[in-house]
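Visitor: Questions regarding the structure given below will be posed in turn.
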Amino acid sequence: SVSSRLLALVPAATQQNQRANLAAGVATGGAIVALNGRRIAVFGVDLQSAGNGITSWQELRRQAETRIIRDRAVAAIRAQGPVDAVIAAGDHNLVGTREPLEILSGIGNAFDGAPLSHAEPLQLDSATAATWEGSGGPFPPGRLDWFGYTSARLDVVGGFVFDVGDLSERWRAAHHLQADDSKKSSDHRP
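The number in our numbering is simply the position in the sequence shown, starting from 1, with 355 added.
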């Protein structure tokens, strides 16, 4: 089984915790959303973090998680009837390879024969696309969160990586926000 292969790679000190974590399943969810008379299949993603080595157990788990999500998403779309578009978005934690992103893009192959496209938002300062700061850890700031969509049916008309710190002081004051509100709420940016 996939779980057995992954557990064999996990350090002994954390195997028990990871066994329970694997038994809990893959962090995802999905829904068919009606929007302007169209049915859109939407899937959330929160993949395993850490493990920047291409053969680390964390990277192998991310790949296994995305295969499971892709396969379940395709089955759900087929079971719920035709949809007009597909979105798969969330925390991909791509610190090892882009393989999990490519695997998940396969939802689009099953939908309309083309892999999902990915939105390319920048932060409001237009200096970076980073959705994670690094917080002084072993990984530099980078883009860990992705938004995949069926580009034959949907267009990106706008978007940005939201960080309250990028807003003007005047705008923050008018909306009762503090410059560090994003940092306090999460180490990721939507």
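Glycine included, C-beta positions come from ideal geometry on N, C-alpha and C.
Less than 7 Å separating the beta-carbons of THR452 and ILE424?
Guide: No; because the gap between Cβ atoms is not below 7 Å, this pair is not in contact.
Visitor: Among residues of its own chain, excluding the 5 on either side of ILE521, which ones have a beta-carbon nearer than 7 Å to its beta-carbon?
Guide: What sits at residue 521 in the sequence shown is Asp, not Ile. Excluding residues within five positions, the ones whose Cβ falls inside 7 Å are GLN478, LEU479, ASP480.
Visitor: Give me the Cα-Cα distance between ASP331 and GLN435, rounded to the nearest whole angstrom.
Guide: With the chain covering only 356 through 545, there is no way to say anything about residue 331.
Visitor: Does ALA443 come out as helix, strand or coil in the three-state DSSP assignment?
Guide: In the structure shown, ALA443 sits in a strand (DSSP, three-state: E or B).
Visitor: So which of ALA484, ASP439, GLY489, LEU449 has the shortest CA-CA distance to ALA465?
Guide: It is ASP439.
Visitor: Considering Cα atoms alone, identify which of VAL511, ALA507, VAL516 is closest to ARG498.
Guide: When each option's Cα is compared against that of ARG498, the closest is VAL516.
Visitor: Give the C-beta separation of ALA419 and PHE398 to the nearest angstrom, bearing in mind that I take them to be a contact with Cβ-Cβ under 8 Å.
Guide: So it is not a contact: roughly 16 Å between Cβ atoms.
Visitor: Please identify the residue among GLY384, VAL519, ALA484 whose C-alpha is closest to the C-alpha of LYS538.
Guide: The shortest C-alpha separation from LYS538 is found at VAL519.
Visitor: At which residues does the alpha helix (DSSP H) containing TRP526 begin and terminate?
Guide: First-last of the alpha helix (DSSP H) with TRP526: 524–529.
Visitor: Is ASP439 near the ligand SAH, judged by its Cβ being under 6 Å from some heavy atom?
Guide: Questions concerning the ligand SAH fall outside what the structure shown contains, since it holds no ligand whatsoever.
Visitor: From the DSSP output, which residues share a beta bridge with LEU390?
Guide: According to DSSP, LEU390 bridges with ARG393.
Visitor: What is the DSSP secondary structure of PHE466, counted as helix, strand or coil?
Guide: PHE466 falls in the helix class under three-state DSSP.
Visitor: Whole angstroms are fine: how far does the CA of ASP536 sit from the CA of SER404?
Guide: Rounded to whole angstroms, SER404 to ASP536 spans 23 Å at the Cα level.
Visitor: Excluding the five sequence neighbours on either side, which residues of its own chain have a C-beta within less than 6 Å of the C-beta of GLN548, listed in chain order?
Guide: Given a span of 356 to 545 for the chain in the structure shown, any question on residue 548 remains unanswerable.
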